[in-house]
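Notes for the one structure printed next.
2 protein chains.
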Amino acid sequence: MAQQKIRNMEEFSAISGISRPTVSKFFHDPDSVRLSTRARIEAAIEKYDYRPNIFAMNQNRKLTKNVGIVVPLLADPYFAEIARNLEQRCLDAGYRPTLFSAHGDPDLEVEVLDNLRSMKPAGVLIAPLGRASNVRALEKFSEDVPTLIFDSSVEEIGLGFVGSDNMQFTAHISDYLCRTGEPPCFFEMKTPANPNAHRRRQSYLNAMEKFGFTPQVVSVEGEGWAFEEIGRLGGHKALSEGQFSTNTILCSNDRLAIGLLTACYERGIRVGRTEGCSIRVAGQDGHPHSRYTCPPLTTISHDYDAVSKHAADALFAAIDGHVEPWKSTRLEGKLIMRDSA
Amino acid sequence: MAQQKIRNMEEFSAISGISRPTVSKFFHDPDSVRLSTRARIEAAIEKYDYRPNIFAMNQNRKLTKNVGIVVPLLADPYFAEIARNLEQRCLDAGYRPTLFSAHGDPDLEVEVLDNLRSMKPAGVLIAPLGRASNVRALEKFSEDVPTLIFDSSVEEIGLGFVGSDNMQFTAHISDYLCRTGEPPCFFEMKTPANPNAHRRRQSYLNAMEKFGFTPQVVSVEGEGWAFEEIGRLGGHKALSEGQFSTNTILCSNDRLAIGLLTACYERGIRVGRTEGCSIRVAGQDGHPHSRYTCPPLTTISHDYDAVSKHAADALFAAIDGHVEPWKSTRLEGKLIMRDSA
DNA sequence: CCAATTTCTTTACGCGCGTAAATTTTTTGT
DNA sequence: ACAAAAAATTTACGCGCGTAAAGAAATTGG
């Protein structure tokens, strides 16, 4: 296939019989050249396996095809999953996605942004750390680079926000829990990493009021992103002190619920809705792991596909010049009933 | 701080009072210039917030500072964790790491390699998909780019291999299980994604022979990387058909064990080593999630830190020109005793 | 078949930086 | 303080491609 090494576009254009500017145009957008020349170029690419030097390309192009995808913690399978989804969409749309994780560290998040800048990306999809984020840095960044915020909204920054409707999440699952047993207590972190948590608490309070029940929020100590451990330790404390006034616990998120389940296990408390179980536990997020907890976790799941599709499409539209006012899109989740509640 | 926008190294050198070649040299290696000039340059950087254009840099440099980190599945927290570790080491060593995931797909793995090539990386750290990997493509790649294989060895490819000592893993935990209760059965996938699985099975067989017990391997159906689901379904089948001859099950990896635990739960089988429990389950890998299963999973853990350190150091040494013959480094794991076995 | 339009070719310059060679300046050792 | 060594400067070219302008060629429509 490769008869001779092509070193640059000059050589390639010579051997393919097409002028270099036309070849350059082709690589910028294959549809911008006549069908017959496109075919000739593509045949030559196939034959000589030539690819333009991306560094030289990006140096002069005002807009690269790079897209940054930034998540707060890649070790969290929820973010890994949505990042994978976004990555695929970028690829399909002809962009070059690059994955970044802040690893739960606000300073690293700023560093990532700095790094990203030097890549002159066409756009960036970012799920901010949340409360700990350097909002000023984010805002400044979004002024220079088309930026779409997803998962966790901070302010009216960037092109817009796409995420889940946390109010609906909690309303829906609270409703379910109230109808099928004792009204839930709400289990959360005192200082949550993520502003979604506040919406969820508020929605819980609303739901309880609607049903005429007395709400009870248990807020546990703990900083950072080790939610399982925070849930486990907080769970132990709350359980030993009898802080839960009912037999049903709605957790602010699935990872907290997973930790709570572990605490329950360690205390010999049977969780579930069947006979012999003393409490019910539910989560929120539809975490990839929630299916495999013991008992499997009842939760309300993000619509991963819809969130990533909306986010990616909104970014691509903006890159293509379709200016739109800042908009917040919040998608509904769906209840996944399992054994835990 | 920023009085005036610096557009390129020319302007920067003018305003900082240092010639451009020296500035260029500085950015290549700050230690290569006199301390006093280094200080002046760094002061100017601070003052004008200048950063060289990475595309222009990488275009001419024969060796970039890019390092690729490739894992088979980023959605697996084990890989996410080790990737994070490697990423940090690259950063600390002055490289620019970029994360890639094959998402369990051999074709994507080849695409990633292709993509990586165009980045002209100084080196690549890759955990191959394993059995499904296109070994030829990997080999060809490793001839062009300094490549260090980690986690899962395929052949004597690249600079070397760094991973865990799977024989030791299984020997150690088998030993533990044999000494503390009934000898284990071995629970694995019939067609494992990863060659480590074969070593583990073999080591299990060896251990059983050493103890004079009859080994029993239960190999379950299932393709791909959804190990939990494969473990759950295979667990149901094996349990319903009474395929386990003892009350102890050693799983080929933690994710399989997690699925098996779920199957046990769903069948009402109590897992653990305390009274009232009918079977013991152990895993292998020290998966980040293993602490939070119910019961918490007894496992033998990779030495994440040591593996990533050895892998990164070996790559950096090779990049720095320290040629060494191909070498396989396998690090021991340590037993983590929890409630499941 | 010819004019209008589209597409391609030729020519040329610039991007921001790496890097080499020759020269000048600064530092080092004694 | 002086010669040797080290470091910085000046000058100049190249990397691979984007891109603009002007003209030539191919395509289209009637």
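Top line first, the protein sequences correspond to chains A and B.
Position one of the first sequence corresponds to residue 65 (our numbering), numbered consecutively onward.
Position one of the second sequence corresponds to residue 65 (our numbering), numbered consecutively onward.
Virtual Cβ for every residue (Gly too), placed ideally from N, Cα, C.
DSSP state of residue i mapped onto helix, strand, coil
i              : result
residue 255(A) : coil
residue 192(B) : coil
residue 119(B) : helix
residue 238(B) : helix
residue 310(B) : coil
residue 69(B)  : coil
residue 183(A) : coil
residue 244(A) : helix
residue 82(B)  : coil
Chain B within 8 Å of residue i, Cβ atoms only
i              : result
residue 323(A) : yes
residue 141(A) : yes
residue 115(A) : yes
residue 329(A) : yes
residue 106(A) : no
residue 316(A) : no
residue 119(A) : yes
residue 372(A) : no
residue 292(A) : yes
residue 122(A) : yes
Bridge-paired residues (DSSP) for residue i
i              : result
residue 43(B)  : For residue 43(B) there is no data in the structure shown, the boundaries of chain B being 65 and 405.
residue 211(B) : 188(B)
residue 343(A) : 335(A)
residue 362(B) : 346(B)
residue 160(B) : 130(B)
residue 267(A) : DSSP output for residue 267(A) lists no bridge partner at all.
residue 398(A) : 365(A)
residue 228(A) : 395(A)
residue 283(A) : 252(A)
residue 315(A) : 251(A)
Beta-carbon separation (whole angstroms), residue i vs residue j, contact threshold 8 Å
i              : j              : result
residue 371(B) : residue 233(B) : With a Cβ gap of about 12 Å, residue 371(B) and residue 233(B) do not count as contacting.
residue 379(A) : residue 212(A) : 4 Å
residue 105(B) : residue 82(B)  : 6 Å
residue 198(B) : residue 170(B) : 6 Å
residue 138(A) : residue 138(B) : 7 Å
residue 129(B) : residue 168(B) : That pair is no contact at about 29 Å.
residue 404(B) : residue 361(B) : 5 Å
residue 291(B) : residue 265(B) : Incorrect: roughly 15 Å between the Cβ atoms, too far for contact.
residue 257(B) : residue 163(B) : The pair is not a contact, with the Cβ atoms about 20 Å apart (cut-off 8 Å).
Alpha-carbon spacing of residue i relative to residue j, whole angstroms
i              : j              : result
residue 341(B) : residue 402(B) : 14 Å
residue 327(A) : residue 210(B) : 46 Å
residue 308(A) : residue 237(A) : 18 Å
residue 288(B) : residue 248(B) : 25 Å
residue 324(A) : residue 390(A) : 38 Å
residue 335(B) : residue 344(B) : 6 Å
residue 303(A) : residue 330(A) : 11 Å
residue 278(B) : residue 314(B) : 14 Å
residue 196(A) : residue 86(A)  : 49 Å
residue 269(B) : residue 134(B) : 32 Å
residue 101(B) : residue 84(B)  : 12 Å
residue 353(B) : residue 113(B) : 42 Å
residue 24(B)  : residue 351(A) : Given a span of 65 to 405 for chain B in the structure shown, any question on residue 24(B) remains unanswerable.
residue 142(B) : residue 186(B) : 25 Å
residue 263(B) : residue 150(A) : 36 Å
residue 226(A) : residue 217(A) : 8 Å
residue 6(B)   : residue 235(B) : It is not possible to answer for residue 6(B), since the shown part of chain B is limited to 65 through 405.
residue 243(A) : residue 392(B) : 59 Å
Below-8 Å beta-carbon distance, residue i vs any chain A residue
i              : result
residue 182(B) : yes
residue 366(B) : no
residue 76(B)  : no
residue 198(B) : no
residue 177(B) : no
residue 357(B) : yes
residue 307(B) : no
residue 144(B) : yes
residue 402(B) : no
residue 278(B) : no
residue 310(B) : no
residue 195(B) : no
residue 326(B) : yes
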